[in-house]
Structure formats: C-alpha cells, structure tokens
Amino acid sequence: MLLIHCPHCGPRAQAEFVFERPLESIIQIDEALPDLIHKLYSRVNPKGPSWELWRHTYGCQSWLKLHRDTHNHTIHAVLEIGQTQDGGDA
Amino acid sequence: MSQTLRQTKGGRIDRSRTIRFQFDGKTHKGFEGDTLASALLADGVKLFGRSFKYHRPRGVMAAGIEEPSALVGAGTAGRYEANTRATDLFIYPGLKAVSQNRWPSLGLDLLSGISLISPFIPAGFYYKTFFGPPKLWMVYEHFIRMAAGLGKAPRAADKDAYEHRAAFWDVLVVGSGPAGLAAALAASASGAKVILAEQDRELGGSLLTDAATIDGQASEDWIAAATTSLLAKGGRILTRTTAAGFYDHGLLNLIERVTEPGQAPGADGLAQRLWRVRAGQVILATGALERPRLFAGNDLPGVMLSGAVRTYLNRYGVRTGQKVVLTTDNDDAYRTALALAEAGAQIVAILDSRAASAAGNSLSVRRAQTRLPVHFGAKLIAAKGSAKGVKSAKALIDGQVTNLVCDLIAVSGGFSPVVHLHMQAGGTLGWNETTGAFSPDVSRQNQTTAGAASGVDGLGQTLTSGWEAGLAAAKTLGLKGGSAKTPPACAEADDQACRSLADWLPAPQTNLKKAFVDYQNDVTAADLDLAWREGYRSVEHMKRYTTLGMATDQGKTSNLVGLARLALAEGRPVPSVGLTTFRPPYTPVTLGVLAGEHTGAHLSPRRRPVLYPVHAAEKPIWQPVGYWHRPRAYPQGREDLHQAAHRESLAVRTKVGVTDVSTLGKFDVVGPDAAAFLELVCATTVGKLAVGRGRYTLMLREDGMVMDDGTVWRVAEHRFFLTSSTGGADRMSAHLSYVRKVLAPQLKVTVANVQEHWAAAAIAGPLAKAVVENLMGEGAAPRHMSLGFGPLAGIPTMILAASYSGERAFEIYAPSHQIGPVWDAIVEQARGLGGCLYGLEALEILRIEKGHIVVGGEIDGRATADDLGLGKMLRPAGGFVGATALGRPAMSDPQRLQLVGLEAISGTIPEGSMLVTAKGAVPCGHVTAAGMNVVQGGSIALGFLQGGRARLGDVLTATSPTRKQAAQVKVVAPVFYDLAGDQYRD
Ligand SMILES: [Zn+2]
Numbered sequence: 304m305l306l307i308h309c310p311h312c313g314p315r316a317q318a319e320f321v322f323e324r325p326l327e328s329i330i331q332i333d334e335a336l337p338d339l340i341h342k343l344y345s346r347v348n349p350k351g352p353s354w355e356l357w358r359h360t361y362g363c364q365s366w367l368k369l370h371r372d373t374h375n376h377t378i379h380a381v382l383e384i385g386q387t388q389d390g391g392d393a
Numbered sequence: 003m004s005q006t007l008r009q010t011k012g013g014r015i016d017r018s019r020t021i022r023f024q025f026d027g028k029t030h031k032g033f034e035g036d037t038l039a040s041a042l043l044a045d046g047v048k049l050f051g052r053s054f055k056y057h058r059p060r061g062v063m064a065a066g067i068e069e070p071s072a073l074v075g076a077g078t079a080g081r082y083e084a085n086t087r088a089t090d091l092f093i094y095p096g097l098k099a100v101s102q103n104r105w106p107s108l109g110l111d112l113l114s115g116i117s118l119i120s121p122f123i124p125a126g127f128y129y130k131t132f133f134g135p136p137k138l139w140m141v142y143e144h145f146i147r148m149a150a151g152l153g154k155a156p157r158a159a160d161k162d163a164y165e166h167r168a169a170f171w172d173v174l175v176v177g178s179g180p181a182g183l184a185a186a187l188a189a190s191a192s193g194a195k196v197i198l199a200e201q202d203r204e205l206g207g208s209l210l211t212d213a214a215t216i217d218g219q220a221s222e223d224w225i226a227a228a229t230t231s232l233l234a235k236g237g238r239i240l241t242r243t244t245a246a247g248f249y250d251h252g253l254l255n256l257i258e259r260v261t262e263p264g265q266a267p268g269a270d271g272l273a274q275r276l277w278r279v280r281a282g283q284v285i286l287a288t289g290a291l292e293r294p295r296l297f298a299g300n301d302l303p304g305v306m307l308s309g310a311v312r313t314y315l316n317r318y319g320v321r322t323g324q325k326v327v328l329t330t331d332n333d334d335a336y337r338t339a340l341a342l343a344e345a346g347a348q349i350v351a352i353l354d355s356r357a358a359s360a361a362g363n364s365l366s367v368r369r370a371q372t373r374l375p376v377h378f379g380a381k382l383i384a385a386k387g388s389a390k391g392v393k394s395a396k397a398l399i400d401g402q403v404t405n406l407v408c409d410l411i412a413v414s415g416g417f418s419p420v421v422h423l424h425m426q427a428g429g430t431l432g433w434n435e436t437t438g439a440f441s442p443d444v445s446r447q448n449q450t451t452a453g454a455a456s457g458v459d460g461l462g463q464t465l466t467s468g469w470e471a472g473l474a475a476a477k478t479l480g481l482k483g484g485s486a487k488t489p490p491a492c493a494e495a496d497d498q499a500c501r502s503l504a505d506w507l508p509a510p511q512t513n514l515k516k517a518f519v520d521y522q523n524d525v526t527a528a529d530l531d532l533a534w535r536e537g538y539r540s541v542e543h544m545k546r547y548t549t550l551g552m553a554t555d556q557g558k559t560s561n562l563v564g565l566a567r568l569a570l571a572e573g574r575p576v577p578s579v580g581l582t583t584f585r586p587p588y589t590p591v592t593l594g595v596l597a598g599e600h601t602g603a604h605l606s607p608r609r610r611p612v613l614y615p616v617h618a619a620e621k622p623i624w625q626p627v628g629y630w631h632r633p634r635a636y637p638q639g640r641e642d643l644h645q646a647a648h649r650e651s652l653a654v655r656t657k658v659g660v661t662d663v664s665t666l667g668k669f670d671v672v673g674p675d676a677a678a679f680l681e682l683v684c685a686t687t688v689g690k691l692a693v694g695r696g697r698y699t700l701m702l703r704e705d706g707m708v709m710d711d712g713t714v715w716r717v718a719e720h721r722f723f724l725t726s727s728t729g730g731a732d733r734m735s736a737h738l739s740y741v742r743k744v745l746a747p748q749l750k751v752t753v754a755n756v757q758e759h760w761a762a763a764a765i766a767g768p769l770a771k772a773v774v775e776n777l778m779g780e781g782a783a784p785r786h787m788s789l790g791f792g793p794l795a796g797i798p799t800m801i802l803a804a805s806y807s808g809e810r811a812f813e814i815y816a817p818s819h820q821i822g823p824v825w826d827a828i829v830e831q832a833r834g835l836g837g838c839l840y841g842l843e844a845l846e847i848l849r850i851e852k853g854h855i856v857v858g859g860e861i862d863g864r865a866t867a868d869d870l871g872l873g874k875m876l877r878p879a880g881g882f883v884g885a886t887a888l889g890r891p892a893m894s895d896p897q898r899l900q901l902v903g904l905e906a907i908s909g910t911i912p913e914g915s916m917l918v919t920a921k922g923a924v925p926c927g928h929v930t931a932a933g934m935n936v937v938q939g940g941s942i943a944l945g946f947l948q949g950g951r952a953r954l955g956d957v958l959t960a961t962s963p964t965r966k967q968a969a970q971v972k973v974v975a976p977v978f979y980d981l982a983g984d985q986y987r988d
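Which chain is which? The protein sequence lines are W and D, in order.
Counting in the numbering used here, the final residue of the first sequence is number 393, and the numbers go up one at a time with none missing.
Counting in the numbering used here, the final residue of the second sequence is number 988, and the numbers go up one at a time with none missing.
So this is what it looks like as structure tokens:
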C-alpha cells in the first residue's frame, strides 16, 4: 500500500485516497470528439513515470496531482490541482 | 504407547505440565512447550497424513513453518482450521487435531491405490485432460474431485474476533535468532524505537536448537538479557507473529496468533491480530531453511531434515530414531549425528556427498570421524519402508550399492536463505555457486538482511552481521545513540559453520519417479524431467505445468531443488534458469484475520434516516438502498409485502400517501456562476429557470450515458438546490467536486453536500394539496414544479411541488433535527383524510405505471437520454459533461435498446425476463422492472427493446428460463397511467 504525502495532511495510507485518472485523460467540456474517444477508449497505460489525478477522499478531499512511477510505485511529487512543480499556478 | 521416545531430561518443554489432546480421536499426552508434531513423535507416531495426489503415507519432515507434509486440521466447527502444520501448532489442553486427505482412515487409505496408477497421472495431467476430448474429463472429474484437495473448509461461521492495528516504528526486525536479536540490540542501543516480530512462541531462533555461549553467558541467559534490554528501551516484542507480506513504501503485514489454531480465545474473544507496520528501516533476520535431497522414497515417514531431527532432540527432548542414516553435503548434519550419538542413538552411516578433501577439516567432521562411520563421496539411492516408517536405506558407498538397516534417515541438502520478504519488497538476489544459495543482493526498499538470511555462515558471523545491520539502520535514520559498543561474540567451539558444498545430482541408480521434489503437490524429479522434454523451458511455465511450488508451503523446501533439476536438464547454471515470483503471504494466512473487524454488521456502515425510529415503530419491511435502510412497505395485520404495497399504492392513486425521502442526494449550489456551473453538470436547461421554479434534470457521464437524475430548483438568483438519487448521492458529490475543481476552477461557485442537513417527507395523491394547505393554515400550496417556504407545525420548511408517483405531490423539507413534528403533523393529516404511509415497493409500482426511470433500473450505465425517451430534454447547444460523446455514430443507431412499456396479454411478466420474438430466438431486449396496473389490475413492465419506439404494437414473449416463467406481451409506450399528466397539475 502506497504512502502518499498529502500537501495538507502529511503522509497518509493509500486507502484514504482514490485514483481518478491519468492527467492526460482529463476530458474538457469542449473536448473534440476524436480526442474524447481517445481519452475514453484508447488511452495509454504507461510503464514508468506518469502524472495522475488522485483525490484525498477520506481525508481533506483535495484533488491532487501525483507524479508516480507505475513500474515501481515511486512517487516523485504530490501537488495540488492547479499548482505547478515550481510552486506556480497551472 | 506413551512418550516412549522422550528423553528423560533436556529441552525446552516443561515436563511438570502434561497436556492432553486428541489426534484422529485418540487421546495423547504431551508437555507444555510441545508442538503437535513433537508430542506425537514422542509417542511414536510416524504417519501424519496422506499426500495430495498419490495418497502416499507422509510423516514429519521439518520442525517449523516450512513443513510440507504433516498437515492437519485443528479445532472443531467454526474454529476448525484446515492445512495447519503440525510443526507450527503448539499443543493446548483439549486440542482436537485430525489428519487429512485420507479415506476412510489414516491407516487404511483406500485411495492410496492411486500410487499403483501413478504412471497414468504424470506431470501436466490436468492440462492434458483439459485439452483432451471433453468426454474423458467427464469420466475423470468425479475421481479427481474425490481424490484432490487437502483439508476441508469448515462450514460453520468463525465466531472469534480478529483485529487490525497500525503501528509506526523506527526499526522493524523480523526474526529473533542470533542475527535478529543482535540487530535489535544495536538499533535499540543507538536510540531507535524497535519492534521485533518472531513467528515462534519463544525468542532465540536457532539458539533454541543449538545452545551456545554468547558474551560469556549461556545463550538462554543472553536471550533473556536481550529481551529485558529491548523492553527497557521502549521496544516492542511480538511472539507468535509472522511477517507475512512486505508491500510498497515500507509497509509490512504481521500476523499475530493470539490463540493456536482451533483454540478458544480468552474473554476478549480475540484469535489473531493483523499489524500493519510502517517502519523507517526493516531488518530481515529470517534465517535459512534446510533443503531435502533427491533419492527414491525420500518422502517416507522417518525421512526427516537433519536440522529438524536435532531440533526435536535438543528443543523437545524427542529422539526420533534409534538407528540413523544421515545424508548430507555440509557440516551441519554432523552436529545432528553427534547429538544423536550422545543421546544414545546408533549412527549407522553418515553419507557425505563431498570428497574427503573438501570436507574433512572442520571441527565437527573431525570429531565425528573419530567415533562415527563417516563415508565421503557417498549418496543415498533409496529409502525403503511403509506407512509405519523407514526400515532400510540403499546407499552408494565407495562405488558399491550397500543396504543399511535404519529407522530414521536425516537429510541435509544445504540451506536456502529465507529471501521471501526481501523479494516481495522488490529486491534482487545474488547466487553462491558453492553453497547453492540465493541471497539478497540489492534492496529496493528500506530493508537490509542479516544472518543466515543473507547467506552468512556460522554463529560468530551471524551475530556480527545482525549487529552491523542494527547500527546501519539507526545511522540511516540519523540516530547516533551512544551505548552501542561491540557486537556480541560467541565461543569458538560454538561457531560451527555449515560449509555446504551444493550437490544437486542424485546417485545414478536413483528411481526418479519416486524421488520427490515437491512433497505437498507430489511432484517428482521424473515429472520435472518430463516437463522439460515436453518443451517447458520457462520456470514460470514449468511451475504451472507440474504444480511445483504451488501448494500451501509455496515450495519453501523444494523450489531450489526443482530449479536445480531444470538447470541440470538445460545444462545451464541455476541463476540463468530464473526464479518464480515470491508473493505474499509468506505462510498461509486465515481469511478471518484479513477481514479483521470488517465482518457482519461491520462490513459496511448502516445509514439510518433520521426518522428511522418513527418508521421502526410501524414495523415496516426494511430495504437496503446503498448504505441506507428505508421502509419497503408497512404491512397491516396479516398483509404480505405485495398486499401491503398494493394497498399503499392504491391510497396514493385515490387519496393520499406519505413517504420518507430524506435520503435523497441534496446539494446547495451558490454563487454568481451557480447557473453556469449547473449547466456543466446538468444536460437540461438551468440558466433560464425562474426564481422559485424547479425542473426535472439529467446528469450524464463523459461517455454520454445517463449517470443520475434529479431535480434542480432556483431558490434565489444565485442559489440553487439540486437533488439526486439516494444510491448515487456519494458519486454525485464526487462528480460535482470534480467538475468544479478540475474542469471549471474559474467559476465563482461553491457546492455544499446537504444530504443529511435536510430531512423530507413526500406527500402524494389527489388529497396531497389538502394536506399541505391544512398544515399551512393560510395561503395556497405551491404550483407544480414551484417551491415555497413557510412554517409547518411551527417548524420552518421548504416545500417543493414535484411528483414522482404521477399524482399531485409535495416534498416537505425541514432541518433534519426538526423533522419529527413536521412528519407527525403530515401523517396525522393524511391519515385523517383516509391516507397512509407508503414505502419503496409502492413507490416502485407507482413509478413503473408512470414510466418514470430509476437509477439502477433503467439508468443502468448503458442508456442515453434518447434511449430513455428523454432526448428532447437535452440542451441542443451542448456544453455539458457528456455532450460531445453523444456525437458518436453509435449513439444514434436506430437499433439501440430503447425504453418501452410492456403489457401482458396473458400471464404475469416475470422480473428480469428476456424479450424474444419466438421461442429459441436471440433476445432482442429485456425487462427492467415489472409491476402492475394499480387501479385496473393487470401485469405491466418497463423494458429495453432494440429499436423499441418503432415497434409499438408488436407481440413478444417475455421469458425467464431461470424462473421457468414466460408471458405474452404487447409493446406499448412507457406510460400506463395519465398520459396527459392531468393528475399532478392543479
Ligand atoms: Zn489531505
């Protein structure tokens, strides 16, 4: 079970979190149909580092961006949604 | 016979405390400190069970958790635990253990005749049968099912308690042998908080078998001093606790046995505890397991691992044989021979596969040579005997085949470090060709390995390696405590290294069809050779084909012997053959402890609406809806569910009914962009809604399917009230958050989940308006799809005029803590007008009649709004979640399943039935909900039919093969009542 460092709550067990999807599979409201179909039905499942959207559902309920290595589960970064790695907004 | 093989003194058993227990119905005696195996062995019992496939007689092979053969069932009824190792079960008063896999009895096993036909069930038998003609499988199946399988699962429920605990420590040490204790002492002395887990009931590991002098103390005293020191520094020691799994990010599962298998727990009822430990550093001091050797009959009762023979003698005071042959490739077996000789046994021969030049120099070998018959370059060809035990051995000595009379064969094929946890943690292994052992190389997580588990040989080095691992762990954690001095040291005479010289080759005369590699799954060396000849090269494939290492012991003793066999066939070194994956758990874990407290009512929360006690007083039939419990019907007198539901629905159609809708999902959506936000979530028009008005609405998933439905109300210009289904409320809450935070963070809006803030009563029926207006006292009730505010029964309420039943209806919302008086006043009014309470079953009947869809019924995750006949509600301009996906060509296929109504021409439409055009035809649709016409009677249903809207008037058969029911149905529009909608308007 992963240990995820929530920016608000500190290190917490994976059981408190819910995986939402890879960041690149977020479908915008005005997404074009071919892109939507790709994101829904043919998205990649990378082996290696991947940016993912998680939620600390059973904690502070924040949406979080995890930079996680799907091969060995190393978590390189945990950011709030809307925050960039250098601390700015995105 | 009673304890005939017990030594009069010595060992770690308490001879003053006799324990009576039963094995296969016969009463035996043992002593406090005995395992089931040691107590029975002391009583002269040799036969413990029958093997899995061939029903061969099997005895005790080992003295610990690695035992492959002596599996028993322990306990009775709900406490019965199957496949328990007799070597890992400490006896207790009243223990009832039974042997397994024999029929009708252990001594007379009629199925042992399978041995005679074993040539016909070779490796891959199951695969070959599956690929053969199906008829053959029908023949074999009965026979295989009867013969296969080890213990039987109990049928009674387990009444004992299991609990989970989380723990956080600086250092976790797994194993309390000399390495583990030294590591724990060093880490603790450096200031680390240490938790120590030991699967045995005593600390000490190998020291419990081989006493030694450490730091000038008897090992027993050294262990006691170490224990005191660890506890004094705030450490925690868990005995009878197995580290079963090493998971990601430093998490280990420890299984603590509070009771022995089958034993009744104490007053707290606790049988086992699962510890989820996250430690800063983990030190694995898990020791090494001895390997068997290949010779014919190496599975007979009376063939035992050499180290186990010594453990039974030294720890339990049991001499397991009188005339002993030993076969070895290392020095450790000499210690067994010397101990046995000292205890009065006759050593018939020590067969050492090593050449004299390679072996003859060490202290134990030199001591043995002076008084015991030692043969170098010698091997065992076969053990001979029966279910009663070994009678003789056929050996190859100086090139001559020699028969040796014996009653015990002690075997040592070298030692395999216990690397399971290291591998589970993602580590890699290094190979030592000389000793034939894999030991940890690179660690991927925060773990190190010490002692025999790391391939270290000899007590002195073991102590040092543990001590250094403990210091290193503390240093990694940044601790620099002062009191750590020098590593514990042992007397030179006690430092007996194994000096294994791995030799995988059986004697050339060996009958490999009787030379077992995996004892528990009955895999022989000949089976492995056959698999290789049949082309199985990958070790993972061979494992599955032959079932090598797939039994409950996961091949702890056997895997490397099997790998070596494959390597031999390949002509390649062992490491290049590869290893199978090490998976948790290390030893079998009972399902109860994994479930922990989460059983029965604790499996999931039971959510009770605030009016639960009020309903309970009416003695309703309850129905779970998600986690909620809601009244399904309120039977009066002798009514059954259907009679009650019919009466309640009739009351709604003709007078008035009251039901509790407090569990609906409810959300406050507030802010200048509230309308814009809701137009993202809702597929219907929201922005044009006037203040004080509401609308039915649909929420779609991103793939265009309907996710949920509800109503949206404009309470004020920038304030909306959104309802959704009870079961989907949690999902809707997450969805709203996702849309707000991820998709549209720029919108100025807040969303509050107010599901439990508001409680609500729905009033429906021709007299509903009268009920509301009577309670209001003055003024008119809101028009259909309008909202109003006002005190009811003195409580501030919000009144939404919305109908699900098809009648004029209102939902009265009050703060949850204040709903009581409101509910009571409504029910009193309604009853005064001839109305009654109604539950979910009546609601279901009413909504089917109106063709209203429901989440989990028609909203099944596969239906679009158009499939449901609601396509016209959607905003044509799009701009909501799911809009884009509706552009997929498949979404407008005219042959999609479309919602239709079904009227029975004859019979009753079965629930869940298929729609077919003729008997035997491919189904063209299905029934989602079957009900009845409330006022006129008659069977009706809602269902999905391919291209259904173009097939009104068709006659089909609704058939349920599982219920053996069918009905002729006519396809109609999905509304059976008040098509014009006159009933719910003013
Ligand atoms: Zn958090």
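Even for Gly, the Cβ is constructed at its ideal location relative to N, Cα and C.
{"Item": "Going by beta-carbon coordinates alone, are D:Ser231 and D:Gly207 separated by less than 7 Å?", "Value": "no"}
{"Item": "In its own chain, which residues sit with a C-beta less than 6 Å from the C-beta of D:Ala932, not counting the 5 before and 5 after it?", "Value": "Ile911, Glu913 and Ala943"}
{"Item": "Any beta-carbon of chain D closer than 7 Å to the one on W:His308?", "Value": "no"}
{"Item": "Quick one: residues in its chain with C-beta nearer than 6 Å to the C-beta of W:Val321, no 5 flanking neighbours on either side, listed in chain order?", "Value": "Arg358 and Thr360"}
{"Item": "Is the number of C-beta pairs between the stretch 873 to 886 of chain D and the stretch 894 to 910 of chain D that are closer than 8 Å three or more?", "Value": "no"}
{"Item": "Report the neighbours of W:Gln331 on chain D: residues whose CB is nearer than 8 Å to its CB, in chain order.", "Value": "Leu745"}
{"Item": "State the start and end residues of the unbroken beta strand (DSSP E) segment that holds D:Ala754.", "Value": "Thr752 to Asn755"}
{"Item": "Can you determine whether any heavy atom of ligand 1 sits closer than 6 Å to the C-beta of W:Gly313, and answer yes or no?", "Value": "no"}
{"Item": "Just to confirm before moving on: does the CB-CB distance between D:Ser155 and D:Gly472 stay below 7 Å?", "Value": "Before going further, note that residue 155 of chain D is Ala rather than Ser in the sequence given. No, the Cβ-Cβ distance between D:Ala155 and D:Gly472 is not below 7 Å."}
{"Item": "With distances taken from CA atoms, which of D:Ala185, D:Gly696 and D:Cys926 is nearest D:Gly790?", "Value": "D:Gly696"}
{"Item": "Would the beta-carbon of W:His359 be found less than 6 Å away from any heavy atom of ligand 1?", "Value": "yes"}
{"Item": "What residues from chain D crowd round W:Gln364, counting only those whose CB sits closer than 8 Å?", "Value": "Ser739"}
{"Item": "Which chain D residues are close to W:Gly385, counting only those with a beta carbon under 7 Å from its beta carbon?", "Value": "Pro747"}
{"Item": "Leaving out five residues before and five after D:Ser727 in sequence, what residues of the same chain have Cβ atoms less than 6 Å from its Cβ?", "Value": "Asp710 and Val857"}
{"Item": "So if DSSP puts D:Thr665 in a beta bridge, which residue, or which two residues, is it bridged to?", "Value": "In the DSSP output, where bridge partners are listed per residue, D:Thr665 has none listed."}
{"Item": "Ordered along the chain, which non-local residues of its own chain (more than five positions away) have a Cβ less than 6 Å from that of D:Ala335?", "Value": "Ser308, Leu328 and Ser414"}
{"Item": "What does the alpha-carbon distance come out to for the pair W:Trp366 and W:His311?", "Value": "11 Å"}
{"Item": "Are the C-beta atoms of W:Ala393 and some chain D residue less than 7 Å apart?", "Value": "For W:Ala393, the predicted structure reports a pLDDT of 49, less than 50, and the residue's modelled location is therefore unreliable. A value from the coordinates is still provided. Not closer than 7 Å to any Cβ of chain D, the Cβ of W:Ala393 fails to qualify, so no."}
{"Item": "Kindly indicate which residue of D:Asp172, D:Leu724, D:Leu187 and D:Tyr94 has the alpha-carbon position closest to the one of D:Phe679.", "Value": "D:Leu724"}
{"Item": "Got a sec: is the Cβ-Cβ distance from D:Val249 to anything in chain W below 7 Å?", "Value": "Correcting the residue identity first, residue 249 of chain D is Tyr in this sequence and not Val. Yes, contact with chain W."}
{"Item": "Using beta-carbon positions only, say whether D:Leu7 and D:Ala44 come within less than 7 Å of one another.", "Value": "yes"}
{"Item": "Excluding sequence positions up to five away, which residues of its chain have a Cβ less than 8 Å from the Cβ of D:Leu745?", "Value": "Leu682 and Val883"}
{"Item": "Verify whether the separation of the beta carbon atoms of D:Val376 and D:Ile352 is less than 7 Å.", "Value": "yes"}
{"Item": "The stretch 869 to 888 of chain D: which residues have C-beta closer than 8 Å to a C-beta of chain W, in chain order?", "Value": "Gly881, Phe882, Val883, Ala885, Thr886 and Ala887"}
{"Item": "Say the cut is 6 Å; is the CB of W:Gly385 nearer than that to a heavy atom of ligand 2?", "Value": "As far as ligands go, the structure on display features ligand 1 and does not contain ligand 2."}
{"Item": "Assuming the contact rule is C-beta atoms closer than 8 Å, D:Asp670 and D:Ala754 should be a hit. Round their C-beta distance to whole Å, please.", "Value": "4 Å"}
{"Item": "Just to check, is the beta-carbon of D:Gly472 closer than 6 Å to a non-hydrogen atom of ligand 1?", "Value": "no"}
{"Item": "Could you confirm whether any beta carbon from chain D is found closer than 7 Å to the beta carbon of W:Glu334?", "Value": "yes"}
{"Item": "Of all the options D:Leu254, D:Gly252 and D:Ala345, which has the alpha carbon lying nearest to the alpha carbon of D:Gln9?", "Value": "D:Ala345"}
{"Item": "What does D:Lys972 pair with, by DSSP beta-bridge criteria?", "Value": "D:Glu905 and D:Val957"}
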